[in-house]
Amino acid sequence: MARTLISVFEAHVHRKRGDLTASLRSCEELGYNYKLVRGLSAVLEDRCVFEIRARVEPAEARRAAFDEAGRAVVATEEARSRALAAAAFRLGVSSGDLDSSLYADLWDEQALARFDGPSPLELLREYNFSLSLAILTAASRLEMTYKGVDDDLELLVGELGGRGGHTLDGLSRLTFEHRPTKRTGRDAAALEALLSRLLLKEGWSLAADVSQTSRAGKINLFELSKNSDGGLVTPSDLKRRSIAGTRARAEPAEQPPIEMVVVDEMASKLGVTEAEVMQRLKGSGRCYVDLGGVLVTPDKLRELEEALAAAPDMELTAVAGLLRRLGCRRPLPVLEALGYSVEWAGDRERSRVYKFRGRRGAK
Amino acid sequence: MIVLRYDRGSVVARGGPIPHGRFDARAGAYRAPALLYREIVDHLEGGGTEYRDEALNAIPCPDLKSDIRLRDYQRRALDAWRSAGRRGVIVLPTGSGKTIIAIKAMEELGEAALVVVPTLVLVDQWRRELEEAFGVEVGVVGGGRHLLRGLTVATYDSASLRADQLGDRFGLLVLDEVHHLPAPRYRRVGLMYLAPSRLGLTATLEREDGAHNALLELVGDKVYEMEVDDLAGVHLSEYTVRTVSVPLSEEEQAEYDAQNAVYRSFLRRRGIRMRSARDFQRFVMRSGRDPEARRALLARNRAMDLALNSPAKIDRLKRLLLESPDDKAIIFTRHNSLVYRISREMLIPAITHQTPRDERSFILQGFRSGRYRRIVTSRVLDEGVDVPDASLAVILSGTGSSREFIQRLGRVLRKREGKRAELVELVSQGTAETRMSRRRKET
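Residue numbers (this note's numbering), protein chains in the order written: chain A, 1 to 363; chain B, 1001 to 1443.
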C-alpha cells in the first residue's frame, strides 16, 4: 500500500491537487483500509510543495471577468467566450490564460510542484510517528525515561503543564499528568517537539495512559521504547517541509523562518483565508505557540515577554515602538495576546499599556 | 460584609455565602458562575444583606442617542423584552429589523454592550450600523483585532476564547443569531459573562439537536415572536415559493438508482431505519469499522451528489435567470464545488468560506451597488449578512433543514416599493431530494 501511494503522488507531480485527491480516493476502493490510505496520504502530503500556477493573479482575473460579464446573464458558451476575450484583452493576456487563472488559487486547483518521496519503509516509520502523536494527544498521563539529562525536554514538559522529573543512576524519568488536547494547536505542537526530541535520546522509553472517548473514557496503556520500537518510529525531516508557493509560476523556495504571525494579516497579504494560513503554517514544520490569532515561536515569545517585562515606559507609543523593533508590525493584537491591555486616553500619545492577565493559551 | 468580585468567568464572594455559590477552599471564598451574577445581587438586595459589589467593571459608555424610530412590532418586541427583566430572545424574520431593536435597547440602557455575532462579515456590518446610529467609535474583538469600546462587536469565537478577560466589562450582551449560543464551544459566552441584561436575536430559534432549550438559562425565555407570513406585504416583501422539478438525464437516473439501491438494500438487510439525524450519525460511525456499511455510505453519497449537483439543474438555472434578467438574484448551493462550477461557467461572482475577506467585501459591495446582478454562494450567506434588494433566491441544492430554508428565504424579503420576492428551488425529480425539499418547507 505504501508503495502504491508513493507512486500515485509521484505520478501527480505538476498536476492539480484535486486530481491527486480523486486518485487517492480511488485507492481507497482497491481493497485497502481507507483509514490507512488517508493516514499514509496525510504523511505524504507533508512532503509535497503545492503552488498556484496562474498567468494572472486569480483575484484580479475574477474581477476582470465578472466585471466584463456585468449585468448580463452568461448562459451560452459564446457569451462566455466573448466576455472572457474582452476581459483578457484589457489585461493583456490570452483568453485561455485568463480562464485557467480564474480559480487557480483554490485548494483543489493548486499544482503539485514538488514531491520529496520517501521509501515505503520511511513512510511507514513517519506514519507510526504521526499515529503515536495522535494517540498521545488523548493521553491523561505520560512517563518518559532516557539516559542522561536534557533541559530542553524538561522545558517542553513544562510547556505542557508538567514539572521537572528526577534522575537516578544516569537515567532521567519525567512523569506528568496531561489534559487530552486537540490534534492541532499549541499543545499538539509541544507534544510533537517532545516526542521528536525524546526519540533522539539514548535508551528512551515512553508510557502513556490513553483514554478512549468512544468507549466512555476507558483507559489503555500505550508503550513505546527504543529497544522494541526504535526502528519503527521516526519523525519526518522537518526541513523538507515548506510553505506552498503563492506567486504565479514562482519556483518553490526555502522560506525564511517566520517567528511571529498575525494570522488575519498574513491571510490578507497572501489573499487566502485564515484557515489556509493556519494549514500552511502547520505544514511548515515549525513549532508555534498559538496565542489565539497570533502565532509565535517559543524563542520569540520568550524574547517578547522579557522585553515587555523590562520596558521602562509603558506608554502605548513607546511599547508599540519596542515591539516593532522586535519585528512586530502590528503591536496591538500581539499585546492583547500576551495579556496586555491598552487603556485608551483619547489619543495614542497618552494611552497606556497594562499587564492585566497571563498570556492567552498560557497554563 | 460580602464582597463580590469577578474572576475568570465566576463571581467570587468573600465574607459570606451567596446563592448557588460553592466554597472554594483554595481561594477561601464562594464561587458561582458569572451567569448568575444578577440573581446573586437581587438575592443580596432582597435579603437586606450588607455587600459591596466590585464584580462588574464595565467599560465607560458614551452617551447613546439615535434618531431611529421603531415600527409597531419592533416596539412591542422591545416592550416584551423590558417586561421580562431585560432578558430574553426575540424571534423575527430576516429583514424585519432586529438590529434596530437592539440599537434601541442599547440606547435605553446606556451601558457598555457587547454584540456577539457568528461571522466576521457580521462584525463589520454591526460596527457600521452602530457607528452610524450613535456616531461613536465602536470596538471590535475578532479576526486579529482587539479594540474595546463602550459598544463592542465580537465573534462568538473571540467572545468565547476571551470570556475570562472580557466577562466583567459589559452590562448588556446582544447575542445575534442566538441559536449558535448553545453550541458547546460557544456556551461559555452565556456562562462566563456577568452582563445582567441579555438580548438574543434570531429568525429561527429551534435547533435540530434540541439544544435551544439551553437558551432559557443562558439568555432567558422567548419574549416575542413573529413569523414571515405575519409581516409579509406590510413590513416585508410579498413573496412566492416555487418548486421546480428537474429530471436527471437517463444515464444519471440509472446511476442514481443503482447507487441508491446499494444503500437501501444495506439498510434493509441490517434492519436500520433512518428516522433522525442521530440515526444517520450512527450509520456514519458504523461505516468506520464495517466495510459493507462504508460501501453503502459511499453509494449513498454518490447518489446524493448526482441529485444535488446534476448538470440539468445548471441548464434550468440559466433559463430561469434569462426569464428575469433584471432581478437581483442569489443562488444557493449545498456544496462549494457547484458554486465554483456555476461561477466559472456563468461568470457569476462566488462567495464561499474560502473567499478572502477583501474579495468578499468587494463582491457584496458590487452586488449592493448593482454592478453585479447575481451572486452564487454555498452557506456563508445563509444568515445575517445584510444583502438588500435581492428579489430572487434560487436554491440549487440544500439540506432538509427548515432553518436553512427560512434563512435563505429571508435573504430576499427586505421590503422595497413594488417588489415581489420569489424563491425558486430546483429539485432533482425522482430522487431523495424531493423528500428533503418537502421536509425543509414543513414548518
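Cβ coordinates follow ideal geometry from the N, Cα and C atoms, glycine included.
Asked	Found
Residue-chain proximity (L304/A, chain B), Cβ-Cβ < 8 Å	no
Chain A within 8 Å of K1318/B, Cβ atoms only	yes
Chain-ordered neighbours of H1043/B on chain A, where CB pairs are closer than 8 Å	Ordered by position in chain A, no residue passes the 8 Å Cβ test against H1043/B, which lies about 29 Å from the chain.
Beta-ladder partner(s) of I1375/B, from DSSP	I1330/B
Endpoints, the beta strand (DSSP E) within which P1118/B is located	Element bounds for P1118/B: n/a, residue is neither H nor E.
CB contact below 8 Å: Q1354/B versus chain A	yes
Cut-off 6 Å between Cβ atoms - residues of its own chain near G1139/B, not counting five sequence neighbours on either side	L1147, L1148, R1149, T1152
Assigned secondary structure, L326/A (DSSP; H/G/I helix, E/B strand, else coil)	coil
Beta-carbon proximity check, A1032/B vs V1011/B, cutoff 8 Å	yes
Proximity test, Cβ basis, 8 Å: V8/A and chain B	no
Min CB distance A86/A to chain B below 8 Å	no
Burial state of F1023/B, where buried means 16 or more other Cβ atoms lie within 10 Å	exposed
Range covered by the alpha helix (DSSP H) that runs through H1043/B	1037-1046
CA nearest to the CA of R325/A, picked from R55/A, K300/A, S95/A	K300/A
Paired residues, beta bridge with A1393/B - DSSP	I1330/B, L1423/B
In DSSP terms, what F176/A is bridged to	L142/A
Residues, ordered as in the chain, of the region 325-346 of chain A that lie near chain B by beta-carbon distance below 7 Å	L332, P333, E336
Where Y103/A sits in the DSSP three-state scheme	coil
Chain B residues whose Cβ lies nearer than 8 Å to that of Y34/A	R1294
Neighbouring residues, chain B, relative to L295/A (Cβ below 7 Å)	Neighbours of L295/A on chain B: none; closest Cβ ~11 Å, over 7 Å.
Coarse secondary structure for V1011/B, derived from DSSP in three states	strand
Start and end residues, beta strand (DSSP E) containing A219/A	Note that residue 219/A is Ile in the sequence shown here, rather than Ala. First-last of the beta strand (DSSP E) with I219/A: 218-225.
Inter-stretch contact (C-beta, 8 Å, three-pair minimum) for the region 1191-1208 of chain B and the region 1174-1182 of chain B	yes
Min CB distance F66/A to chain B below 8 Å	yes
Chain A contact for R1188/B (CB, 8 Å cutoff)	no
For C48/A, the three-state DSSP class (helix, strand or coil)	strand
E1225/B: first and last residue of the uninterrupted alpha helix (DSSP H) it sits in	From DSSP, E1225/B is part of no alpha helix (DSSP H) but of the beta strand (DSSP E) over 1222-1225.
Which of helix, strand or coil DSSP assigns to V93/A	coil
Inter-residue Cα distance where the pair is R1302/B and P1311/B	14 Å
Cα-Cα separation, R1286/B to L24/A	22 Å
Assigned exposure category for V37/A - 16 Cβ within 10 Å defines buried	buried
Chain A contacts from the region 1304-1338 of chain B (Cβ-Cβ distance under 7 Å)	K1318, L1321, L1322, P1325
Continuous alpha helix (DSSP H) assignments of at least 4 residues falling wholly in the region 1124-1184 of chain B	1156-1161, 1163-1166
8 Å Cβ cutoff, Y103/A in contact with chain B	yes
Among P1019/B, V1424/B, G1430/B, Q1074/B, the one whose alpha carbon lies nearest that of K1441/B	V1424/B
For G339/A and V353/A, the rounded distance between their alpha carbons	10 Å
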